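Trainee: Residue numbers (the UniProt record's numbering): 1 to 231.
The C-beta atom is built at its ideal place from N, Cα and C for all residues, glycine as well.
The structure displayed is predicted, hence computed values, not measured ones.
This is the structure, below, for whatever I ask next.
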């Protein structure tokens, strides 16, 4: 029998209503997360939460000093438009509103999330020179977070994944988990996307499924597991 863990991806204030990088309907994921926590606890399934944890001058922030490639002078500052495309340390980079700055309210987990049930928090995006969508690695796979080590130390082989945002941090976390050999179940109605382009989340779910993830709604998960999630 496989050993499971629930991984809640970036259920932070800045990705929910009123946050600096609010994802549409991001708050709706919290009830799903709490229902899954209720399902996990009597089964002694550990619960982990990843958090974007950026320094104030993170290079992915559009507020930083961006100089277009054709711009010859560095005497003036150029703030990029949020959600535009740039480069960070040689890699393509979506430029985001400042968000999830370390030790701010925006970086905190959502207040309605059952945080007492969380066994470990995994911090990512701490290096100002590279972004980290995945809860396992930075975007170039140069450095690992603590997640894979924690899972292996606790003999976890299968993940239940949900969170924010579908088309970025959830997708890259799932793809990395599969590459690392974990079985992955994605709870689709526990995810919401940024959707810079309208079909980004739909494409992300297809990419995850094609890579080997199994997709469920919460109702599907309840049915396949043979017992309803407590509410």
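#1: In terms of DSSP beta bridges, what is residue 47 paired with?
#2: When DSSP labels each residue in this structure, what does residue 41 get in the three-state scheme?
#3: By how many angstroms is the C-alpha of residue 98 removed from the C-alpha of residue 63?
#4: Looking at the structure shown, is residue 125 part of a helix, part of a strand, or coil, going by DSSP?
#5: If contact is defined by three or more beta carbon pairs under 8 Å, each pair taking one atom from either stretch, is the region 127-146 in contact with the region 103-119?
#6: What does the Cβ neighbour count give for residue 37, buried or exposed, with the cut at 16 atoms within 10 Å?
#7: Quickly, what does DSSP pair residue 25 with across the bridge? List them, please.
#8: Tell me whether residue 13 sits in a helix, a strand or coil according to DSSP, three-state version.
#9: Using a Cβ-Cβ cutoff of less than 7 Å, which residues in the same chain neighbour residue 73 once the five nearest sequence positions on both sides are dropped?
Mentor: Walking through what the data contain:
#1: Stepping through the chain shown from its first residue, residue 47 is reached at position 47. Paired residues: 6.
#2: The residue given as residue 41 occupies position 41 in the chain shown. If DSSP states are grouped into helix, strand and coil, residue 41 belongs with the helices.
#3: Working through the chain shown from its first residue, we reach residue 63 at position 63. Working through the chain shown from its first residue, we reach residue 98 at position 98. Their Cα atoms are separated by approximately 7 Å.
#4: Residue numbering aside, residue 125 sits at position 125 when the chain shown is read from its first letter. Residue 125: coil per DSSP, three-state reduction.
#5: no
#6: Numbered from its first residue, the chain shown carries residue 37 at position 37. Counting Cβ neighbours within 10 Å, residue 37 comes out buried, since at least 16 surround it.
#7: Within the chain shown, residue 25 is the residue found at index 25, counting from 1. DSSP, once it has assigned bridges, lists no residue as partnering residue 25.
#8: Residue numbering aside, residue 13 sits at position 13 when the chain shown is read from its first letter. It is helical.
#9: The residue given as residue 73 occupies position 73 in the chain shown. With a pLDDT of only 41 at residue 73, under the threshold of 50, the placement of this residue in the model should not be trusted, and no figure is reported.
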